[in-house]
Every structure is written in C-alpha cells, then in structure tokens.
Amino acid sequence: MPKRVITKIGDIFSVELDNGNKKYFQYIANDLTQLNSDVIRSYKKEYSKDEQPDYEKLLSGEIDFHAHTMINVGVKQNLFTQEGKSIVNPNIDNIVFRGTLDYGQKVNGELVKVSNNWRIWHINDDNFTNIGKLEGKNRNAEIGIVMPPFAIVERIKTGKFNFVYPDFE
Numbered sequence: 001m002p003k004r005v006i007t008k009i010g011d012i013f014s015v016e017l018d019n020g021n022k023k024y025f026q027y028i029a030n031d032l033t034q035l036n037s038d039v040i041r042s043y044k045k046e047y048s049k050d051e052q053p054d055y056e057k058l059l060s061g062e063i064d065f066h067a068h069t070m071i072n073v074g075v076k077q078n079l080f081t082q083e084g085k086s087i088v089n090p091n092i093d094n095i096v097f098r099g100t101l102d103y104g105q106k107v108n109g110e111l112v113k114v115s116n117n118w119r120i121w122h123i124n125d126d127n128f129t130n131i132g133k134l135e136g137k138n139r140n141a142e143i144g145i146v147m148p149p150f151a152i153v154e155r156i157k158t159g160k161f162n163f164v165y166p167d168f169e
C-alpha cells in the first residue's frame, strides 16, 4: 500500500533540475475557490544538490511564481521532495490569480489565443472579479487553474507552463 503523504501549510519542497541542482517552493495556503487546491510559492534561486539552504534566506529570496497544484500527488510521483518547514512570509493577501472563460474555446475552428474576457481573484475570494481586458498590475496575475504537478516542474525548470492558455496581448 502506498505511503500516505501528509503536508501542512509552511512545508518546503524541492524540485530536482536537469543539471542535478534544486529549486524550492513552499506550500502557503489552500484555496477553497479553486477546488480546495494547494497554493505554492516558488523561488528563483537555484541551489546545488548538496547544499542545504538556510530557509530564512530562501524564503526571503526572489519569488518566481505562485500556483495552484496537488502537492501530495507530486510527492507520490517523485516530482517534489519534502524538505522542511517554516512560517509563511510574506503575507498571502496580495496574491492575484487570473482566469478566462475563453480557455479551450474556439472561434472559427481555432482556439482563442488572446482573451479579453478575464477575471481575477485572491486566495479564498468567493467573488471572482470580471475585468474584461487584462490591464495594468493585473497583467502580473498568475494563471489560476489547478496545475498538475508535472506542469509545476516544467515551470520551475523552464520559466513557463507547457500548455496552451489564452494570452492577454
């Protein structure tokens, strides 16, 4: 029987890169508005596989992205390694996600490539805000769909997701 994976907010995980080094992310929240999914904060700094980072320095480092995923599935698939635990900082209240109802839609037989039908929300925000065209600071909002663990690994390794999703320009 497979081992049960227990995760808690504050847990820190690593992802092994193709060069053998590691990058880290922290489990920062559950988002009830997105299937009660796990929200992670991924960090840009790369560490050698033998280096044990100082978590305080790691978590005060440059943030790469935020995303929704299923951490326990990623651990079971050996994509994420549970490394440690720390308090969640900075605050999660200002994280903004975006989504569009144009995802997977077709116009004249082609997938919608640029959407002007965006909505944004914060973690556990019951009120998705329809904003139409994505402008200003909302362009920095992360795609808010629940990502499979392999997509998180791809984003950590390459800086982008490996699926088609409408853009805003």
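Start counting the sequence shown at 1; every next residue gets the next number (the UniProt record's numbering).
Glycine included, each C-beta is placed from N, C-alpha and C at the ideal position.
Since this is a predicted model, take the numbers as computed values, not measurements.
* Asked: Is Ser60 buried or exposed, if buried means 16 or more other CB atoms sit within 10 Å of its CB?
  -> exposed
* Asked: What's the C-alpha gap between Ile87 and Lys133?
  -> 36 Å
* Check Leu59 in the structure and name its three-state DSSP category. => Here Leu59 sits in helix by DSSP.
* Go through the region 91-152 residue by residue and report every complete run of the alpha helix (DSSP H) that reaches 4 residues or more, in order. => none
* **Proximity below 7 Å, CB of Ser14 to CB of Thr81** => yes
* Asked: In the structure shown, what three-state DSSP assignment does Arg155 receive?
  -> helix
* Nearest-angstrom Cα separation, counted from Phe97 out to Ile131 -> 12 Å
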